[in-house]
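Trainee: The sequence shown begins at 14 in our numbering and counts up one residue at a time. Here it is, the structure in full.
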Amino acid sequence: MAEFTMELSDEQKEVRDWLHGFAADVIRPAAAEWDEREETPWPVIQEAAKVGIYSLDFYAQQYFDSTGLGIPVAMEELFWGDAGIALSIVGTGLAAVGVLANGTEEQIGTWIPQMYGDANDVKVAAFCSSEPDAGSDVASMRTRAVYDEAKDEWVLSGTKTWATNGGIANVHVVVAVVDPDLGSKGHASFIVPPNTPGLSQGQKFKKHGIRASHTAEVVLDNVRVPGSCLLGGKEKLDARLARAREKAKKGGERVKNAAMATFEASRPAVGAMAVGTARAAYEVALEYAQTREQFGRPIIDNQGVAFQLADMRTSIDAARLLVWRASWMAINGKPFTAAEGSMSKLFASETAKKVTAQAVQILGGNGYTREYPVERMHRDSAIYTIFEGTSEIQRLVIARTLAGMPIR
């Protein structure tokens, strides 16, 4: 087990600096254009693939960093560049992780390469879980998967929403209900291969922020996939459902806690994204305050501005520390006895919203225009308090954990 440390190793610093250079030289110059276009930045993704950032190998190396800091450091630097473009680069990872966590070796070897493509022909993947009536309340999911034993096929029907890369993905990973009586324990994940009949893109959302990331509905109209597309296989699914039914009879507390641990472990990565955006806005505001003069002196000489910058930097550093702590705990198997994963995501996301708003205020009228990036950063920051569990959900999780109550 790696000791918790706030000092990055030389190798981690090298990766951080490499990512920072890519974010500064490739992502940032393209940020305003793709935000205005509200389209997937394929050329930037291709550049990321050429240098090895857009690949499963890169993210696997960061994920298995024994200190737990590989992923948060990477997320912070990429999202420092631009949140929308960064999400387009890392969005495929959501689907890839779903396959890695639940798939067989054959499924991993078959589908993950098709999610990324290669540097000359990049592809993206989509993870489809949320539904119009099932966001935070995953137990209300309605998309069904019915097994056709005669043909060894699963038939998927329903509508998914808020899917990053939904409809434009080469491979879709879809979560569906196989046993409605078990609530969220009756769900399973399926691969929908490229060009499968019945899958189509529904509404593409025109968003407030992260506009360079494609977000859309995915409609599944009697989509048939081979039995081999059930992640983990049917034998494993049948065994898991049988255990869930048995535990439901005895009380499902242990199952709920295991599911909660999975969510807790993933939330610090979103916190790191928020830290990156907050840091970017703070740096713009600091430079502006040092060079912008009013009444014959830089505006940073005014306490009203200087104190804001002091609070901004303090909050950013505090958020990063919470993210790093939770990331270290997750990789080393430490129990989240106080919902530390949710804590990190809650504080970092709220910090990003506050810091970007303060940056706009410090820049005044200029901050309100698209001539300066803080306007875009402020819009982008709103997503962090919404996806991967809203701030309200995080507070609920933390409160119920502290009270020793089950997390539903």
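Here a beta-carbon is modelled for each residue, glycine too, at the ideal position from N, C-alpha and C.
Assuming V86 is part of the alpha helix (DSSP H), what are its boundary residues?
Mentor: Position 73 of the sequence shown holds residue 86. Run containing V86: G83 to G94, per the alpha helix (DSSP H) assignment.
Trainee: List the DSSP bridge partners of E306.
Mentor: Position 293 of the sequence shown, counted from the start, is the residue given in the question as residue 306. DSSP lists P311 as partners of E306.
Trainee: If you drop the 5 nearest sequence neighbours on each side, which residues of the same chain put their C-beta closer than 6 Å to that of D165?
Mentor: Along the sequence shown, read from residue 1 onward, the residue named residue 165 stands at position 152. If the five residues before and after D165 are omitted, its C-beta is found closer than 6 Å to the C-beta atoms of G240, all from its own chain and listed in chain order.
Trainee: How far does the alpha helix (DSSP H) with I329 in it extend, from its first residue to its last?
Mentor: Locating residue 329 in the sequence shown gives position 316, counting from the first residue. Element bounds for I329: Q316 to I344.
Trainee: According to DSSP, is N235 helix, strand or coil?
Mentor: Within the sequence shown, the letter at position 222 stands for residue 235. Here N235 sits in strand by DSSP.
Trainee: Is A182 closer than 8 Å to A252 when the C-beta atoms are compared?
Mentor: To locate residue 252, count along the sequence shown from 1; it is residue 239. To locate residue 182, count along the sequence shown from 1; it is residue 169. Not closer than 8 Å, so no.
Trainee: To the nearest angstrom, how far is it from the Cα of E49 to the Cα of A96?
Mentor: Within the sequence shown, numbered from 1, the residue matching residue 49 stands at position 36. Within the sequence shown, numbered from 1, the residue matching residue 96 stands at position 83. If you take the alpha carbons of E49 and A96, they lie about 14 Å apart.
Trainee: Identify whether E388 lies in helix, strand or coil by the three-state DSSP scheme.
Mentor: Numbered from 1 along the sequence shown, position 375 holds the residue referred to as residue 388. If DSSP states are grouped into helix, strand and coil, E388 belongs with the helices.
Trainee: Can you have a look at T18 and say buried or exposed, based on whether 16 or more other CB atoms are within 10 angstroms of its CB?
Mentor: Residue 18 sits at position 5 when you count from the first residue of the sequence shown. Burial call: exposed.
Trainee: What are the partner residues of F140, as DSSP defines its beta bridges?
Mentor: In the sequence shown, the residue the question calls residue 140 occupies position 127. Per DSSP, V186.
Trainee: Using alpha carbons as the reference points, say which of E230, V297, R338 and F308 lies closest to A176.
Mentor: Locating residue 176 in the sequence shown gives position 163, where the first residue counts as 1. With distances taken between Cα atoms, A176 lies closest to E230.
Trainee: Can you tell me which of A189, E353, R258 and M286 puts its alpha carbon nearest to the alpha carbon of M154?
Mentor: In the sequence shown, counting from the first residue as 1, residue 154 sits at position 141. Nearest option by C-alpha distance: A189.
Trainee: Can you tell me the Cα-Cα spacing of R383 and K63, whole angstroms?
Mentor: Looking up residue 383 in the sequence shown gives position 370. Looking up residue 63 in the sequence shown gives position 50. Spanning the two alpha carbons is a distance of roughly 30 Å.
Trainee: Give the C-beta separation of L422 and S226 to the nearest angstrom, bearing in mind that I take them to be a contact with Cβ-Cβ under 8 Å.
Mentor: Residue 422 is absent from the model: the chain starts at 14 and stops at 421.
Trainee: For R258, tell me which candidate among P210, G289, S197 and E306 has the shortest Cα-Cα distance.
Mentor: Along the sequence shown, read from residue 1 onward, the residue named residue 258 stands at position 245. With distances taken between Cα atoms, R258 lies closest to S197.
Trainee: Can you tell me whether F218 is helix, strand or coil according to DSSP?
Mentor: Walking along the sequence shown from the start, residue 218 turns up at place 205. Note: F218 maps to coil in three-state DSSP.
Trainee: Just the C-alpha distance for N345 and N379, rounded to the nearest angstrom, thanks.
Mentor: Translated into the one-based positions of the sequence shown, residue 345 becomes position 332. Translated into the one-based positions of the sequence shown, residue 379 becomes position 366. Distance between the alpha carbons of N345 and N379: 45 Å.
Trainee: Mapping DSSP to helix, strand and coil, what is Y67?
Mentor: Here residue 67 refers to the residue found at position 54 when the sequence shown is read from its first residue. Note: Y67 maps to coil in three-state DSSP.
Trainee: A114: beta carbon under 7 Å from a heavy atom of the ligand ADP?
Mentor: Because no ligand of any kind appears in the structure shown, any question about the ligand ADP cannot be addressed here.
Trainee: From the DSSP output, read off the bridge partner residues of I204.
Mentor: Start at 1 with the first residue of the sequence shown, and residue 204 comes out as number 191. V186, per the DSSP bridge assignment.
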